[in-house]
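Each remark here refers to the structure printed beneath this line.
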Amino acid sequence: MENIQNSISEPVSEELTLVRAAKAGDIQAFEELVKRYDRNVFRIAQHITQNREDAEDVVQEAFLKAYSNLEQFQEQSKFYTWLVRIAVNEALMKLRRRRPERTVSLDQDVQTEEDSIPREVADWSPNPEQQFTQAELRDVLSKTIQGLPAGFRTVFVLRDVEGLSTEETAQTLGLSVPAVKSRLLRARLQLRERLSKYFKRQADGENER
Amino acid sequence: MNCSDFLKELTDYLDGTLDERTKSELDEHLAWCHNCFVICNTTRKTIEIYRDSEVYELPEDLRTRLRSAIIKKCAAHKHSKGGASEK
Numbered sequence: 001m002e003n004i005q006n007s008i009s010e011p012v013s014e015e016l017t018l019v020r021a022a023k024a025g026d027i028q029a030f031e032e033l034v035k036r037y038d039r040n041v042f043r044i045a046q047h048i049t050q051n052r053e054d055a056e057d058v059v060q061e062a063f064l065k066a067y068s069n070l071e072q073f074q075e076q077s078k079f080y081t082w083l084v085r086i087a088v089n090e091a092l093m094k095l096r097r098r099r100p101e102r103t104v105s106l107d108q109d110v111q112t113e114e115d116s117i118p119r120e121v122a123d124w125s126p127n128p129e130q131q132f133t134q135a136e137l138r139d140v141l142s143k144t145i146q147g148l149p150a151g152f153r154t155v156f157v158l159r160d161v162e163g164l165s166t167e168e169t170a171q172t173l174g175l176s177v178p179a180v181k182s183r184l185l186r187a188r189l190q191l192r193e194r195l196s197k198y199f200k201r202q203a204d205g206e207n208e209r
Numbered sequence: 210m211n212c213s214d215f216l217k218e219l220t221d222y223l224d225g226t227l228d229e230r231t232k233s234e235l236d237e238h239l240a241w242c243h244n245c246f247v248i249c250n251t252t253r254k255t256i257e258i259y260r261d262s263e264v265y266e267l268p269e270d271l272r273t274r275l276r277s278a279i280i281k282k283c284a285a286h287k288h289s290k291g292g293a294s295e296k
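Sequence lines, in order, name chains Y and R.
For what it's worth, the numbering used here labels the leading residue of the first sequence as 1, then goes sequentially.
For what it's worth, the numbering used here labels the leading residue of the second sequence as 210, then goes sequentially.
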């Protein structure tokens, strides 16, 4: 079976050169790092906060925080995972501020195993995404992932969308590897269940909208 | 192996991180269990769709605006600290 995990494979030495230059005060070197990862940070932030303005703020705050704390960056780890950790924390803070009435915690299981038991077992159309326009598809995917608890959403995004390894995801979020695996499985199964409503094969070949 | 055992291993199965023996047990289960076969395929598709569909892309104009704001703030920070390398 094909390995579906993707990863960011940047040459580490080149990146370290940029980080060291930025540490020494070279702002252009830091700008290169911003260009390299701003899209990733934005995606992660918007997935967690589910709010465009908050995501924009998180991008700015995360990079500024990274810049002003560069000295604390340990070169044994990847700059990207260090940056993601800062961004995730900023995004969770935004979420807590916006939804103080709801507990937003990464280390809390807010659901029971029941929520992840597959009920929908109808197969999907061969290329379900092609039955929607880009805008419709984005809308479906965005609405679907919004329904997941923040902790599950965050693990899914880091692991499956951004391509961090299970170990990197665990380190970034301060969770154990089994905790990441458990959340990832449940996130994947719950998204699958909800997407089935849109993507399942219809008897007459027509998708319900 | 029953369906519930299969589900427990699904994440490692999809990520290709299982040992050969467990993987072949799962393959065998998939060969006769249609429900697990469908769940496995549609879960894989779920991951692929999220990974490939660019749900939240950063538009170029916003990207440029954010980057210039970041660099401006970093420069101000550097100025106030007398350089990023000094505390």
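Using N, Cα and C, we set each Cβ at its ideal position, and we do this for glycine too.
Check: The segment 36-46 of chain Y in contact with the segment 78-87 of chain Y per 3-pair CB rule at 8 Å; Outcome: yes
Check: Proximal chain Y residues relative to R276/R, where beta-carbon distance stays under 8 Å; Outcome: E31, V34, K35, D38
Check: Proximity below 8 Å, CB of V34/Y to CB of R276/R; Outcome: yes
Check: Status (buried if at least 16 other CB within 10 Å, exposed otherwise) for Q74/Y; Outcome: exposed
Check: V121/Y versus V19/Y, A24/Y, R201/Y, residue with shortest Cα-Cα distance; Outcome: R201/Y
Check: Rounded straight-line distance, which links the Cα of H238/R to that of F63/Y; Outcome: 48 Å
Check: Any 3 or more C-beta pairs closer than 8 Å across the segment 257-275 of chain R and the segment 214-222 of chain R; Outcome: no
Check: Minimum Cβ-Cβ distance from S68/Y to chain R less than 8 Å; Outcome: yes
Check: Assigned exposure category for G151/Y - 16 Cβ within 10 Å defines buried; Outcome: buried
Check: Residue environment, K281/R, which counts as buried when at least 16 other CB atoms sit within 10 Å; Outcome: exposed
Check: Helix, strand or coil at K78/Y according to DSSP, with G and I counted as helix; Outcome: coil
Check: Chain-ordered chain R contacts of P118/Y [CB-CB under 7 Å]; Outcome: I248
Check: Residue-level contact to chain Y via CB, T252/R, 8 Å cutoff; Outcome: yes
Check: Residue burial classification, K254/R (beta-carbon count within 10 angstroms, cutoff 16); Outcome: buried
Check: Endpoints, the alpha helix (DSSP H) within which T226/R is located; Outcome: Element bounds for T226/R: n/a, residue is neither H nor E.
Check: Contact the segment 48-55 of chain Y vs the segment 126-133 of chain Y: 3+ CB pairs below 8 Å; Outcome: no
Check: Within chain R, the residues that W124/Y reaches when beta carbons sit closer than 7 Å; Outcome: T251, K254
Check: Any chain Y beta carbon closer than 8 Å to G292/R; Outcome: Bear in mind that a pLDDT of 48 at G292/R, under 50, signals an unreliable position, so the number given afterwards is only what the model happens to contain. It does; some Cβ of chain Y falls within 8 Å.
Check: Residues of the segment 87-98 of chain Y whose Cβ lies closer than 7 Å to any Cβ of chain R, in chain order; Outcome: none
Check: Cross-strand partners of K200/Y (DSSP beta bridge); Outcome: W124/Y
Check: Buried/exposed call for I256/R, threshold 16 Cβ in 10 Å; Outcome: buried
Check: Min CB distance D214/R to chain Y below 8 Å; Outcome: no
Check: Amino acids of chain Y, ordered along the chain, whose beta-carbon sits closer than 9 Å to that of L219/R; Outcome: L185, R188, L189
Check: Host alpha helix (DSSP H) of N250/R (start-end); Outcome: 243-261
Check: Selected residue, minimal CA-CA separation from I117/Y, among Y37/Y, F30/Y, E193/Y; Outcome: E193/Y
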